[in-house]
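Protein sequences, first through last, are from chains A and B. For the first sequence, the working numbering gives the first residue as 40, with consecutive numbering after it. For the second sequence, the working numbering gives the first residue as 9, with consecutive numbering after it. Just so it is clear, CB atoms sit at the ideal spot from N, CA and C, and this is done for glycine as well. Okay, structure first, notes after.
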Amino acid sequence: MAEHYQLRCRECGKLWGNIPRSFCDDCLSPLEVTYDLDAIRSTFTRKNIEAGPANLWRYGAMLPLPEGFQGTVPAGFTPLVQARHLGKQLGTSNLYLKNDAVCFPTLSFKDRVVATALAAARRFGFQVVSCSSTGNLANAVAAQAAREGFEAWIFIPADLEAAKVIGTQIFGAKLVRIAGNYDQVNRLCSQIAEKFQWGFVNVNLRPYYAEGSKTVGYEIAEQLGWRLPDNVVVPMAGGSLITKIRKAFNELIALGLVEEKKVKFFGAQATGCSPISDAVKRSLEQFEPQKPATIARSLAIGNPADGFYATRAIRDSGGWAEDATDPEIVKGIHLLAETEGIFTETAGGVTTIVTQKLIEEGHIAPSETTVACITGNGLKTLEAVSQEYAPTAAIEPRLAVFESFVSDRMAAVAGS
Amino acid sequence: MKITVEIPTALRRFTDGVQTIECSSGTLPELLGEIEQRYPAITKHLRDDSGAVRRFVNIYVNEEDIRFLGGNNYKFREGDRVLVVPSIAGGAPGCR
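The following block contains the structure:
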């Protein structure tokens, strides 16, 4: 039986079958996985999906998986939580958070893309998998490579947070720290991928990898009771996730799983690295690359691979983009933690503040259903907030001491 | 003046398999013209119908994106090493 998916050039439409490559030989444009929807229509149904496992493999019929593939890593299907308290603070009554801060196994949405990328790596016979990463992808590749029996080589900018470095090394991956920013790491990896027979999840396996991001969109729709939200707020680094959530929604509409709706897509970036939000705000067709300078290192991509498509997706959907400064990012981390009990990393601080700005600026109407995507966990970027919490003096384990501690504390609060 | 240009694997089929080309152009527009004069078949892969460099092609000079150096206005210097990289590159020859 012919496979129900293959690669297609996003610009010239040339079909490529299934091979490990990311761009078209003719026009050097990116390749994307395209599906034979008519062949899938009868299997990709609400009933079949709901009967599937509580992870991203429940959407396997619309993922580029080899025939007979059985996914074992239970990534995805993270909570979609209504954010009543945060919503109240921001002045909206219908705010939801897609919480990939608790994605399995490495606490970021990158667990999804690696799951589909490694399925492709296995299919193409690679022994070694690799990636360029701002941290979360490094963790995800290292963990799943260990589980699936691949050797892993991971390339990162040298200035990453400790948890993202150790959280890669712990799995036995070979970590290469590069004296440069992500864009330089990524360019190097493009060159390495030409010489080494490795499966680079975000280079030569990129089309298969990117499809994993669609599951965020499928889950949002299913968890809202098979309906689409009015607005989605998505953090943007390379710009792939926002385009893939849109692709997921469009596929669900095309397959009749949800009612058609024009969802507005909103992009969130750090002010210190905002090529896509800058392009949206200035109505540029093509973004201008930047040199990143932000504490949101997971979003610090100055030359985003999918920046062109992200800009177009936002514009075509009637959405907008905003960005957050470093102090605002920290504020956003606190705000989300203190209102919803979710500790997110710097990228989530960006998303929280940008959601606030979009509501304040009138881009998002208060009564509409809005989903903000929280893509990573705060325990990985403790550096962003740790200086605010210098260890306090320990007290004796006696009740009287505690009582006096409490009255001192109350007096301090009253006096402040 | 002499500069060298690294041709990515994907485009070497238009340069008779040559990986590194020595050129003498002063700016990027001149350089593209010089490469295309020697290897005419490469033209439609490097440029779109309007003649602009394709959106998904990145040009680096000594590891720096040429857009940070002034783009078309950048004046090449003796010994510059120019890299042509598809922005979403990869795909080693011989990979299954």
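Cβ of residue i within 8 Å of any chain A Cβ
| i | result |
| --- | --- |
| residue 17(B) | yes |
| residue 95(B) | yes |
| residue 26(B) | no |
| residue 69(B) | no |
| residue 73(B) | yes |
| residue 63(B) | yes |
| residue 100(B) | Residue placement at residue 100(B) is poorly supported in this model, since its pLDDT is 39, which falls under 50; the coordinates are not used for a value here. |
Extent of the continuous beta strand (DSSP E) to which residue i belongs
| i | result |
| --- | --- |
| residue 121(A) | 119-121 |
| residue 274(A) | 270-274 |
| residue 56(A) | 54-56 |
| residue 306(A) | 303-309 |
| residue 89(B) | 89-94 |
Test: residue i CB closer than 8 Å to a CB of chain B
| i | result |
| --- | --- |
| residue 47(A) | no |
| residue 108(A) | no |
| residue 326(A) | no |
| residue 53(A) | no |
| residue 68(A) | yes |
| residue 40(A) | Note that residue 40(A) scores a pLDDT of 42, beneath 50, so its modelled location is shaky; the value from the coordinates is reported in the next line. No, no contact with chain B. |
| residue 169(A) | no |
| residue 226(A) | yes |
| residue 166(A) | no |
| residue 322(A) | no |
| residue 208(A) | no |
| residue 313(A) | no |
| residue 308(A) | no |
| residue 229(A) | yes |
| residue 183(A) | no |
| residue 379(A) | no |
| residue 190(A) | no |
| residue 233(A) | yes |
C-alpha gap between residue i and residue j, whole angstroms
| i | j | result |
| --- | --- | --- |
| residue 537(A) | residue 169(A) | The question about residue 537(A) has no answer here: the residues shown for chain A are numbered 40 through 455. |
| residue 60(A) | residue 14(B) | 20 Å |
| residue 453(A) | residue 447(A) | 10 Å |
| residue 141(A) | residue 49(A) | 32 Å |
| residue 414(A) | residue 450(A) | 40 Å |
| residue 417(A) | residue 65(A) | 43 Å |
| residue 340(A) | residue 229(A) | 15 Å |
| residue 300(A) | residue 270(A) | 11 Å |
| residue 102(B) | residue 234(A) | The predicted model places residue 102(B) with a pLDDT of 35, which falls under 50 and marks its position as unreliable, so this point remains unresolved. |
| residue 100(A) | residue 283(A) | 16 Å |
| residue 392(A) | residue 378(A) | 13 Å |
| residue 352(A) | residue 434(A) | 56 Å |
| residue 98(B) | residue 424(A) | For residue 98(B), the predicted structure reports a pLDDT of 45, less than 50, and the residue's modelled location is therefore unreliable. The matter cannot be settled from this model. |
| residue 94(B) | residue 124(A) | 46 Å |
| residue 156(A) | residue 344(A) | 17 Å |
| residue 92(A) | residue 85(A) | 13 Å |
| residue 199(A) | residue 237(A) | 24 Å |
| residue 164(A) | residue 213(A) | 20 Å |
| residue 319(A) | residue 385(A) | 22 Å |
| residue 154(A) | residue 249(A) | 10 Å |
| residue 53(A) | residue 129(A) | 46 Å |
| residue 21(B) | residue 226(A) | 22 Å |
| residue 104(B) | residue 47(B) | At residue 104(B), the pLDDT of 31 sits below 50, so the modelled position is not reliable; the number obtained from the coordinates is stated separately. The straight-line gap from Cα to Cα measures roughly 29 Å. |
| residue 216(A) | residue 174(A) | 11 Å |
| residue 312(A) | residue 331(A) | 5 Å |
| residue 455(A) | residue 445(A) | 15 Å |
N- and C-terminal bounds of the alpha helix (DSSP H) containing residue i
| i | result |
| --- | --- |
| residue 208(A) | 201-208 |
| residue 368(A) | 365-379 |
| residue 196(A) | Element bounds for residue 196(A): not the alpha helix (DSSP H) but the beta strand (DSSP E), 190-196. |
| residue 218(A) | Premise fails: residue 218(A) is in no alpha helix (DSSP H) and is neither H nor E. |
| residue 289(A) | 279-293 |
| residue 47(A) | Not the alpha helix (DSSP H): residue 47(A) falls in the beta strand (DSSP E), residues 44-48. |
| residue 82(B) | Note, residue 82(B): premise wrong, no alpha helix (DSSP H); not H, not E. |
Own chain, CB closer than 7 Å to residue i, minus 5 neighbours either side, in chain order
| i | result |
| --- | --- |
| residue 70(B) | 88 and 89 |
| residue 241(A) | 170, 171, 176 and 248 |
Cβ shell of residue i (< 6 Å), same chain only, five flanking positions each side left out
| i | result |
| --- | --- |
| residue 410(A) | 135, 137, 259, 268 and 271 |
| residue 113(A) | 94 and 143 |
| residue 206(A) | 178 |
Own chain partners of residue i with C-beta closer than 8 Å, once the 5 adjacent residues on each side are dropped
| i | result |
| --- | --- |
| residue 440(A) | 434 |
| residue 186(A) | 111, 112 and 144 |
| residue 51(A) | 63, 65, 66 and 68 |
Residue-level contact to chain D via CB, residue i, 8 Å cutoff
| i | result |
| --- | --- |
| residue 172(A) | In the structure shown, chain D cannot be found, because the protein chains are A and B. |
Original post:
Any residues in the region 32-44 of chain B with a beta carbon nearer than 7 Å to a beta carbon of chain A? Which ones, in chain order?
Top reply: none
Original post:
Mind listing which residues of the region 55-66 of chain A have their C-beta closer than 7 Å to chain B's C-betas, in chain order?
Top reply: 59, 60, 61, 62, 64, 65 and 66
Original post:
What residues in the region 334-349 of chain A bring their beta carbon closer than 7 Å to a beta carbon of chain B?
Top reply: 342, 344 and 347
**OP:** Using a Cβ-Cβ cut-off of less than 8 Å, list which residues of the region 120-133 of chain A approach chain B; keep chain order.
**Re:** none
Subject >> Within 8 Å of chain B by C-beta, residues of the region 251-282 of chain A in sequence order >> reply: none
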